[in-house]
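Trainee:
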């Protein structure tokens, strides 16, 4: 992605933090003819596998996207963090124009199918444990009968993506004056929108 130096946040630790926090991602591939295809899906990170970590996910078997993996081309997985419209009325500097502040991570790598039933079951269990954690009464994956799980996994295709490249972008008004940034933080908080408040918090933490 377009990544000006002052918005570059591509170090692995920062990227991994956003991947974990915003794990409902967009998987983008191209088919044999070069046509793009996208799926929205939950994606887990195993930070200990590979130099930059490994992503894990699954799609429905009728979804044709998994067949694109056979091309050997890298896939792009997009993780979107908080974002908000920025009004020039909040700036101390005039004239100015509107913009959009946001946080995002792009991860690139070649997907590999997970075909061993044990590996697929382990991925599904990890997904459930991740998203049920912290709930008052977590649903337990292991409560399902093995026969039922075996039938269900016939309807999905699991895969991993060893990350070959990470791009992180935090566009948080770093190119504006201190007075402008203070105005944006105040404006976003005053509007009361949840995403706007999250962007304001990130800006305040960045200083």
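Residue numbers (our numbering): 441 to 647. Even for Gly, the Cβ is constructed at its ideal location relative to N, Cα and C.
When DSSP builds the beta bridges, which residues end up paired with residue 505?
Mentor: Here the question's residue 505 lines up with position 65 in the chain shown. BP columns for residue 505 are empty, so no partner.
Trainee: Quick check: the Cα distance between residue 520 and residue 451, rounded to an integer number of angstroms?
Mentor: For the purposes of this step, residue 520 is taken as the residue at position 80 of the chain shown. For the purposes of this step, residue 451 is taken as the residue at position 11 of the chain shown. Distance between the alpha carbons of residue 520 and residue 451: 16 Å.
Trainee: Can you list, in chain order, the residues of its chain with a C-beta nearer than 7 Å to that of residue 620? Leave out the 5 residues immediately preceding and following it.
Mentor: Stepping through the chain shown from its first residue, residue 620 is reached at position 180. Cβ within range, chain order: 531, 532, 533 and 613.
Trainee: Please name the residue or residues paired with residue 519 in a DSSP beta bridge.
Mentor: Taking the first residue of the chain shown as 1, we reach residue 519 at position 79. 545.
Trainee: Just to confirm, is the Cβ distance from residue 464 to residue 482 under 9 Å?
Mentor: Numbered from 1 along the chain shown, position 24 holds the residue referred to as residue 464. Numbered from 1 along the chain shown, position 42 holds the residue referred to as residue 482. In contact: residue 464 and residue 482 (Cβ atoms closer than 9 Å).
Trainee: If you draw a straight line from the alpha carbon of residue 553 to that of residue 516, how long is it in whole angstroms?
Mentor: Along the chain shown, one-based indexing puts residue 553 at 113. Along the chain shown, one-based indexing puts residue 516 at 76. If I take the Cα positions, the gap works out to 16 Å.
Trainee: What residue from 503, 543, 493 and 509 has the CA that sits closest to residue 448's CA?
Mentor: One-based indexing of the chain shown puts residue 448 at position 8. Closest by alpha carbon: 543.
Trainee: Would the beta-carbon of residue 514 fall within 9 Å of that of residue 604?
Mentor: What you label residue 514 is simply residue 74 of the chain shown in a count that begins at 1. What you label residue 604 is simply residue 164 of the chain shown in a count that begins at 1. Yes, the Cβ-Cβ distance between residue 514 and residue 604 is below 9 Å.
Trainee: Between the C-alpha atoms of residue 560 and residue 494, what's the straight-line distance to the nearest angstrom?
Mentor: Your numbering for residue 560 matches position 120 in the chain shown. Your numbering for residue 494 matches position 54 in the chain shown. One C-alpha to the other measures close to 15 Å.
Trainee: Have a look at residue 625 and residue 541 and give me their C-alpha separation to the nearest angstrom.
Mentor: By one-based count along the chain shown, residue 625 stands at place 185. By one-based count along the chain shown, residue 541 stands at place 101. So the two alpha carbons sit approximately 11 Å from each other.
Trainee: Return yes when the Cβ of residue 600 is within less than 9 Å of the Cβ of residue 489, no when it is not.
Mentor: As a working mapping, residue 489 is identified with position 49 in the chain shown. As a working mapping, residue 600 is identified with position 160 in the chain shown. Taking 9 Å as the Cβ cut-off, residue 489 and residue 600 qualify as a contacting pair.
Trainee: Would you mind reading off the limits of the alpha helix (DSSP H) that contains residue 576?
Mentor: Position 136 of the chain shown, counted from the start, is the residue given in the question as residue 576. Unbroken run through residue 576: none, as it is neither H nor E.
Trainee: Alpha carbon to alpha carbon, how far is residue 642 from residue 453? Give it in angstroms, no decimals.
Mentor: Reading the chain shown from its first residue, position 13 is the one you call residue 453. Reading the chain shown from its first residue, position 202 is the one you call residue 642. The alpha-carbon atoms of residue 453 and residue 642 are separated by roughly 16 Å.
Trainee: Report, in whole angstroms, the separation of the C-beta atoms of residue 523 and residue 598, which I expect to be a contact under 8 Å.
Mentor: For the purposes of this step, residue 523 is taken as the residue at position 83 of the chain shown. For the purposes of this step, residue 598 is taken as the residue at position 158 of the chain shown. That belief does not hold up - the Cβ atoms of residue 523 and residue 598 are roughly 30 Å apart, past 8 Å.
Trainee: Under a Cβ-count criterion, where at least 16 other Cβ atoms within 10 Å of its own Cβ denotes burial, should residue 609 be classed as buried or exposed?
Mentor: Looking up residue 609 in the chain shown gives position 169. Residue 609 comes out buried.
Trainee: How about residue 568 and residue 550: do their beta carbons lie closer than 9 Å?
Mentor: On the chain shown, residue 568 is found 128 positions in, with the first residue counted as 1. On the chain shown, residue 550 is found 110 positions in, with the first residue counted as 1. Cβ distance not < 9 Å, so residue 568 and residue 550 don't count as in contact.
Trainee: In terms of residues, what are the limits of the alpha helix (DSSP H) holding residue 642?
Mentor: Walking along the chain shown from the start, residue 642 turns up at place 202. Run containing residue 642: 634-646, per the alpha helix (DSSP H) assignment.
Trainee: Distance check for residue 528 and residue 537, CA to CA, integer angstroms please.
Mentor: Reading the chain shown from its first residue, position 97 is the one you call residue 537. Reading the chain shown from its first residue, position 88 is the one you call residue 528. If you take the alpha carbons of residue 537 and residue 528, they lie about 5 Å apart.
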